[in-house]
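Protein chains in written order, with the working numbering: chain Z, 1 to 331; chain H, 332 to 662; chain F, 663 to 993.
Here's the structure we're looking at; comments come further down.
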Amino acid sequence: MRRFIDLADFSREQILDLLELAQALQHHPEPRALAGKVLGLAFFNPSLRTLASFQAGMARLGGSSFVITPGQGTWLLETQPNAIMKGAAAEHIREGIPVLASYCDALGVRAFADGKSLESDLNESLFRMIDGLCEKPLINMESAMNHPCQALADWRTLDEMKIPTRAKFVLSWAYHPKALPLAVPAATVHMAAMRGMEVVVLRPEGYALPEQVMEKARLAAREAGGSVTETSDRAAALNGASVVYAKEWGSTAYYGDVEADSRLRADLSDWCVRERWFERARPDAKLMHCLPVRRNVAVADGILDGPRAVVKQEAFNRLPVQMAVLHRMLA
Amino acid sequence: MRRFIDLADFSREQILDLLELAQALQHHPEPRALAGKVLGLAFFNPSLRTLASFQAGMARLGGSSFVITPGQGTWLLETQPNAIMKGAAAEHIREGIPVLASYCDALGVRAFADGKSLESDLNESLFRMIDGLCEKPLINMESAMNHPCQALADWRTLDEMKIPTRAKFVLSWAYHPKALPLAVPAATVHMAAMRGMEVVVLRPEGYALPEQVMEKARLAAREAGGSVTETSDRAAALNGASVVYAKEWGSTAYYGDVEADSRLRADLSDWCVRERWFERARPDAKLMHCLPVRRNVAVADGILDGPRAVVKQEAFNRLPVQMAVLHRMLA
Amino acid sequence: MRRFIDLADFSREQILDLLELAQALQHHPEPRALAGKVLGLAFFNPSLRTLASFQAGMARLGGSSFVITPGQGTWLLETQPNAIMKGAAAEHIREGIPVLASYCDALGVRAFADGKSLESDLNESLFRMIDGLCEKPLINMESAMNHPCQALADWRTLDEMKIPTRAKFVLSWAYHPKALPLAVPAATVHMAAMRGMEVVVLRPEGYALPEQVMEKARLAAREAGGSVTETSDRAAALNGASVVYAKEWGSTAYYGDVEADSRLRADLSDWCVRERWFERARPDAKLMHCLPVRRNVAVADGILDGPRAVVKQEAFNRLPVQMAVLHRMLA
């Protein structure tokens, strides 16, 4: 494996194989599998789980890693092609990425959406550029519109919770003071569709997922025998749900317009997931979230501290699934 | 050992055993003792010695480590229970700590005092919460009222300097432009008392150590055959001292009141330890300090660069004593 | 080897030996050569290549490393002798360096020029102080007036490009919005002279390299059979050049005077290296730069993306030459 950028690049069988390998590595550790190998990690944006789990995973396989954080001990890196670099950035990714790649055996990169042009973000302009610059195996640690490591961990969590493949999976918008990127909702709706679930995207008006995202998920659903629909009717969406996956994201109607998005979300603070949301869900319905989650803003304490929440298990699963990816890439 | 949070949790024999192990590991390195083991390090506050010595110590035992620094490459973490998280913090320690713990075999956490409520800080409210959230072995890398790694290194330094168990140990307040936490003075007075020394806390009015701290130290002194007293009389305190341990801390009379503390300390800049402080001390009296120390503010250059200062030895000793702790926890 | 601070401290034979070792380690890796060894890395200034390549290099030789970045997770460190430390810095390098050195087997330090006094920077006042404080092997990861790791990588790059020893090597000033340190130009002119090249320093008026730097380079040239001259005549300098090494640096006529330097460089934005600079150079002339480089400010996209540029190869070579240095120091 030379690239881990999008679950859609893999067949269902390849995904199931990665999940099996994750399981196998948990029960039969291979502490020397990646001895002498070096993983480079470049974070253009903050991280907790990703940083810690990739470093720990590499160590548990006998390898090493280094971390580069532009703006924190490293200069800011310019990402615009043809830029006249008079600003804050001292170096361009056209030099930075190939140089970092040369020092390691695989490179992980986190580079969030620019959040200005929906088209550019949907096209993954930045991550495609990084992809083209990196001659070593490359891992997407969250790009403008994707987060395949999270999606793979979430898939494993669904399996562990014995959520049936055909169960109802509601991806619900949740409140946040600011517009967040579409990476996780886009990755999640696709993952659940690829798993064959009955996927419902629940969100207020103005927050519909981009058609391109929905179409990709519908395609995956068709292949897997599931479905993908979208609604702003909370009661209908949650009725019979086995999983509510809460996630905050920015308005797509006003993409890149901070003020308009602000006005739109001002009235939406009741989109904080609470127990009453689950009244007509299945009794054992689970609450998922990729973390970090703002307590009592996006999801209430009662849910996060109760039996529905499997958010920590999702995070725990980042370690084994990423170890499987590293193993396939480097062993 | 599942917890290393407070020297008071251990018997004198257990402490002496750790110090012996530290000595043994220096003379007979065990470069594979922790092979495959991962130490997580979470720093809510800055560090130099602790960060470097834990990473180096883990490496010297064959293990690995990762570092998480909220606010520097990682989002800020909320610590208040039941917070409505509309502020700067994107994630709560109720998620953050269990997740980090899941990736490693032991977790070290540094979380200084909040500095607002003396009662809450004395109760170690935050560190107790972290303790309750961490299912893996946990190391206190400095909490609101404790710094057991420093205390253990200081004990070893006293032994190496052949300071008699019954010698006079003066913990002296020293000037600093700002109110610093009570963690080191509290840990130091207890450590010296537990070692059986004649402990005198020397500090200006308004800077008395909290009764709870003093009572804990007196209890340790009673068990070990030493004593603990407190005074603002510098000449009396220093008379016959074998050790002066300088440390800056905030006013307990005005705990949490930055302005009142500022006014109080405005006149105290002569609490910079100089050679004349040692006139009536023992001729070979030593100057200790946990570092970082502000030169010519808390302690004069002449002392720090002279034969009395053992501050670097204290820091050097962080490595072997922490290696002993890691070995007991993980080998 | 106990110190790697300046190529001038080594004989030509020793340099060639390091370059051979770098070559050997690339073809015959020694993944256990530094097992159990720990490299400390202290960065007083930002880094990308140096941070990543030293961590990766240590890992590829079986060792470990830790990183300390004052001001980013670690307190600021004071560097002035006899300072009364009332300011932002909480700790002095007189404590910080010996303590860090005690935790590792070798210490790398990056500490850029202060940029205030040319005399003090030329004397390497700060790095000499660090040298005196460090009892372990010490690596200069860029000091006020030197960058030996970059110089060694550049020498290797010249060899790989089969640039003849006697070829014309033009170190050319390049535009940058700010005054940058003299470390790389000083190291580069000396390295090329030591290699025996016909070295020409091309720079606008007010940017002459200090006489001390030129004299050191001329001495190296005399020993190696090359030459070192300086000019502001771009056409003459570039005529017949085999290598143009672009580098930005601050005015030496107004050293430490930010405003005067700003005025002087305001008219110099045409010192952005473009293809037309190479009209009278050798057809296969190469463009070198130590990176980071501001595209279309110091060097045009067309050059950096074309066949002349070997800037990435220079960066790639940091890894093998530094591995050779670490091997000589610690194996």
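Glycine included, every Cβ here is placed at the ideal spot set by N, Cα and C.
Quick caveat, the model's predicted, so the values are computed rather than measured.
Not a single C-beta of chain H is nearer than 8 angstroms to the C-beta of Leu209 of chain Z. Thr79 of chain Z does not reach chain F, its nearest Cβ partner there being about 12 angstroms away, counting only Cβ pairs nearer than 8 angstroms.
Sequence-distant partners of Gln975 of chain F (beyond 5 residues in either direction) whose C-beta falls short of 8 angstroms from its own C-beta, in its chain, are Thr819, Glu822, Met823. Residue range 845-856 is occupied by the alpha helix (DSSP H) that includes Val846 of chain F. Beyond the five residues adjoining it in sequence on each side, Ala591 of chain H comes within less than 6 angstroms, by CB distance, of Tyr585 in the same chain, given in chain order. Taking the beta carbon of Ser726 of chain F as reference, the chain H residues within 7 angstroms of it are Ala390, listed in sequence order. Neighbours of Gln734 of chain F in chain H, taken as residues at a C-beta separation under 7 angstroms, are given in chain order as Gln403.
With a threshold of 8 angstroms between beta carbons, Asp923 of chain F makes no contact with chain Z.
Separation of the CB atoms of Leu713 of chain F and Thr50 of chain Z is rounded to 19 angstroms, and the pair is thereby denied contact status at 8 angstroms. In the three-state reduction of the DSSP assignment, Thr229 of chain Z falls in the strand class, which pools E and B. Our two residues, Phe831 of chain F and Val109 of chain Z, have alpha carbons roughly 37 angstroms apart in a direct line. Every beta strand (DSSP E) stretch that sits fully inside the segment 362-442 of chain H and reaches 3 residues is listed by chain position as 369-374, 395-399, 437-441. Nearest Cα to Met985 of chain F within the set F:Ala718, F:Ser931, F:Glu867: F:Ala718. In the three-state reduction of the DSSP assignment, Met619 of chain H falls in the strand class, which pools E and B.
Taking the beta carbon of Thr69 of chain Z as reference, the chain H residues within 9 angstroms of it are Gln403, Gly404, listed in sequence order. Per the coordinates, the alpha-carbon of Ala616 of chain H lies some 25 angstroms from the alpha-carbon of Glu536 of chain H.
Val228 of chain Z and Ala414 of chain H have their alpha carbons spaced roughly 35 angstroms apart. Between Ser395 of chain H and Phe385 of chain H, the C-beta gap is not smaller than 8 angstroms, which leaves the two residues out of contact.
Ile801 of chain F carries a strand assignment under DSSP once its states are collapsed to helix, strand and coil. Under the Cβ criterion of 8 angstroms, Ile415 of chain H is counted among the residues facing chain Z. In terms of Cα proximity to Ala266 of chain Z, the closest of Z:Gly250, Z:Leu133, Z:Glu20 is Z:Gly250. Selection Z:Tyr175, Z:Arg222, Z:Cys149 evaluated against Leu268 of chain Z yields Z:Tyr175 as nearest (Cα-Cα).
Boundaries of the beta strand (DSSP E) around Leu533 of chain H: 529-533. The C-alpha of Glu781 of chain F is placed about 53 angstroms away from the C-alpha of Met660 of chain H. Assigned with DSSP and collapsed to three states, Ser573 of chain H falls in coil, not helix or strand. Counting along the chain, the unbroken alpha helix (DSSP H) around Leu133 of chain Z starts and ends at 125-133. Bounds of the alpha helix (DSSP H) holding Leu453 of chain H are 449-453. Using a C-beta cut-off of 8 angstroms, the segment 25-32 of chain Z makes no contact with the segment 213-226 of chain Z, since fewer than three inter-stretch Cβ pairs fall below that distance. If you draw a straight line from the Cα of Leu800 of chain F to the Cα of Leu769 of chain F, it is about 5 angstroms long. Out of H:Met528, H:Ile424, H:Ala548, H:Phe335, the CA that lies nearest to the CA of Leu464 of chain H is found in H:Ile424. In the three-state DSSP reduction, Phe341 of chain H falls in the coil class, being neither helix nor strand. Excluding five sequence positions before and after Leu180 of chain Z, the CB atoms of its chain that fall closer than 7 angstroms to its own CB belong to Glu248, Trp249, Gly250, given in chain order. Here Ser474 of chain H is buried: its Cβ has 16 or more other Cβ atoms, across all protein chains shown, within 10 Å.
Here the segment 962-977 of chain F lies against the segment 93-102 of chain Z, with 3 or more beta-carbon pairs under 8 angstroms apart. Identification of chain H residues near His852 of chain F by a Cβ-Cβ cut-off of 9 angstroms yields none; the smallest Cβ-Cβ distance measures about 33 angstroms.
For the pair His658 of chain H and Leu338 of chain H, the CB atoms are not nearer than the 8 angstroms cut-off.
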